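Step one of this worksheet: look at the structure below.
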Amino acid sequence: MKILWKIFWEETEFKRQIAHFAFGIFYAALFYVGLMDAKVSAILFLGSIAFSLFLKRRRKFVDKLVLLLERQKDLYEIPLKGLIFFLLGATLTISLFEFVPAMCGILVLAISDSIGTLYGKYLGVVKIRWNPDKHMEGPILGGLVAAVALAGFVPLPAALMGAYCGAFLDTLKLRIFGFTIDDNLLIPLVSAGVVSLMI
0 MKILWKIFWE
10 ETEFKRQIAH
20 FAFGIFYAAL
30 FYVGLMDAKV
40 SAILFLGSIA
50 FSLFLKRRRK
60 FVDKLVLLLE
70 RQKDLYEIPL
80 KGLIFFLLGA
90 TLTISLFEFV
100 PAMCGILVLA
110 ISDSIGTLYG
120 KYLGVVKIRW
130 NPDKHMEGPI
140 LGGLVAAVAL
150 AGFVPLPAAL
160 MGAYCGAFLD
170 TLKLRIFGFT
180 IDDNLLIPLV
190 SAGVVSLMI
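Residue numbering for the sequence shown follows numbering that gives the first Met the number 0, starting at 0 and increasing by one per position.
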């Protein structure tokens, strides 16, 4: 317990992934009960951009933010980068897909990404050849847990395929014109697309 408590307070990435999971599940719950739609999500997305610009101009706030949730490399370039791309990916997903595939895409983003990252980082052994910063156990477990969640909405084959496509997409470093494509943008879109094709 002391080790977990120490990790929570000292490891920024651990706190980021816990926050990612909690926010993702909360977002999915709001979407499920009808309190989240494309318009509300778009407003939140624009609000996150505005808050990011505010933080960038307020170094004291930014310095405190790094102690909580933000990666050092993103801190002074795009504060709240993860949240911004989460909301962008989720907004596009619920705008482009019907309810069930969209829900699946959001759940994969919330569950697979966070659980896979945490398990791979702290308990992973086998490094992924094409991305040595990650471990194979991460996407395997993350995809499995996400598939269990998706199975409540779609048949098991679609749940497994949608979950694992999203989980392993997180292991890729995709770049277009020199810019890295954030996985929070791609995971829900790809997972929702796969599920949509299979149901």
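Ideal placement from N, C-alpha and C gives every residue a C-beta, glycine not left out.
Quick caveat: nothing in here was measured; it's all calculated off a predicted structure.
Let me know the secondary structure DSSP gives Phe178 once reduced to three states. For the purposes of this step, residue 178 is identified with residue 179 of the sequence shown, where counting begins at 1. Of the three classes helix, strand and coil, the one that applies to Phe178 here is strand, per DSSP.
Taking 9 Å as the cut-off, decide whether the C-beta atoms of Ile48 and Ile83 are in contact. One-based indexing of the sequence shown puts residue 48 at position 49. One-based indexing of the sequence shown puts residue 83 at position 84. Yes. Within cutoff.
Taking 9 Å as the cut-off, decide whether the C-beta atoms of Cys103 and Ala191 are in contact. As a working note, residue 103 is residue 104 in the sequence shown. As a working note, residue 191 is residue 192 in the sequence shown. Result yes, Cβ atoms of Cys103 and Ala191 sit closer than 9 Å.
Output yes or no for whether 9 Å exceeds the beta carbon distance between Tyr26 and Phe98. By 1-based counting over the sequence shown, the position of residue 26 is 27. By 1-based counting over the sequence shown, the position of residue 98 is 99. No, Cβ-Cβ distance for Tyr26 and Phe98 is not below 9 Å.
Determine the burial state of Pro78: buried for a count of at least 16 other Cβ atoms within 10 Å of its Cβ, exposed for fewer. Numbered from 1 along the sequence shown, position 79 holds the residue referred to as residue 78. Under this definition Pro78 is a buried residue.
On the three-state DSSP scale, how would you describe Pro138? One-based indexing of the sequence shown puts residue 138 at position 139. Under the three-state reduction of DSSP output, Pro138 falls in the helix class.
Cβ-based neighbour list, Val193, same chain, cut-off 7 Å, excluding 5 preceding and 5 following: Translated into positions along the sequence shown, residue 193 becomes position 194. For Val193, same chain residues with a beta-carbon under 7 Å away, outside a window of 5 residues either side, are Met160, Gly161 and Cys164 in chain order.
For Ile127, the three-state DSSP class (helix, strand or coil): Translated into positions along the sequence shown, residue 127 becomes position 128. Of the three classes helix, strand and coil, the one that applies to Ile127 here is strand, per DSSP.
Secondary structure of Asp112, DSSP reduced to three states: Position 113 of the sequence shown holds residue 112. In the three-state reduction of the DSSP assignment, Asp112 falls in the helix class.
Lys172 by DSSP, collapsed to three states: which one? If you number the sequence shown from 1, residue 172 lands on position 173. Collapsing the DSSP output to three states places Lys172 in coil.
Any chance the stretch 146–156 sits against the stretch 170–188, with 3 or more Cβ pairs inside 8 Å? Counting C-beta pairs closer than 8 Å gives fewer than three between the stretch 146–156 and the stretch 170–188, which falls short of the contact rule.
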